[in-house]
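In our numbering, the protein residues as written are 390 to 487.
Even for Gly, the Cβ is constructed at its ideal location relative to N, Cα and C.
Down below is the structure, laid out as structure tokens.
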Amino acid sequence: MPVETTYSRLRENLSATLDTIVDDQEIVIVRRRAGKNGSKDVALLPATELASLLETAHLMRSPKNTQRLLTALRRAERGEGQRTTIDALRREMGLGGD
390 MPVETTYSRL
400 RENLSATLDT
410 IVDDQEIVIV
420 RRRAGKNGSK
430 DVALLPATEL
440 ASLLETAHLM
450 RSPKNTQRLL
460 TALRRAERGE
470 GQRTTIDALR
480 REMGLGGD
């Protein structure tokens, strides 16, 4: 569940709040007072989490790829498939590891 704070409290505790976001992989919702420009709330999250969400959105853009990934996930959850090592995958893909 995301942590909530106000803009003023965030400003007073910016460094500590950013540390918490990164260290605890926490999402912080900054509640802002509606002003003349119609200020809206903002979410702060770790950059690694954002990168993960963007990558997932990219991979799920294609319905065909989404189905392929979900099928592979179901197989993995059932324990089906072959186990391999990173070195074996590198060799298979021609990435060295010989």
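CA-to-CA distance, residue j to residue i, given in whole angstroms
{"i": "M390", "j": "I416", "result": "8 angstroms"}
{"i": "G468", "j": "D412", "result": "32 angstroms"}
{"i": "Q414", "j": "L434", "result": "7 angstroms"}
{"i": "D476", "j": "G483", "result": "10 angstroms"}
{"i": "T455", "j": "E401", "result": "43 angstroms"}
{"i": "L439", "j": "A446", "result": "11 angstroms"}
{"i": "S451", "j": "L478", "result": "25 angstroms"}
{"i": "T473", "j": "E466", "result": "16 angstroms"}
{"i": "L399", "j": "E444", "result": "29 angstroms"}
{"i": "V392", "j": "S404", "result": "16 angstroms"}
C-beta contact flag for residue i and residue j at 8 angstroms
{"i": "G470", "j": "R463", "result": "no"}
{"i": "A432", "j": "I418", "result": "yes"}
{"i": "R421", "j": "D408", "result": "no"}
{"i": "L442", "j": "L458", "result": "no"}
{"i": "G395", "j": "T406", "result": "For the record, residue 395 in the displayed sequence is Thr; it is not Gly. Result no, Cβ atoms of T395 and T406 do not sit closer than 8 angstroms."}
Residue i: first and last residue of the uninterrupted beta strand (DSSP E) it sits in
{"i": "R420", "result": "417–420"}
Residue i - containing alpha helix (DSSP H), residue span
{"i": "L459", "result": "452–466"}
{"i": "L478", "result": "475–481"}
Three-state class that DSSP yields for residue i in the structure shown
{"i": "T394", "result": "strand"}
{"i": "L434", "result": "coil"}
{"i": "D408", "result": "helix"}
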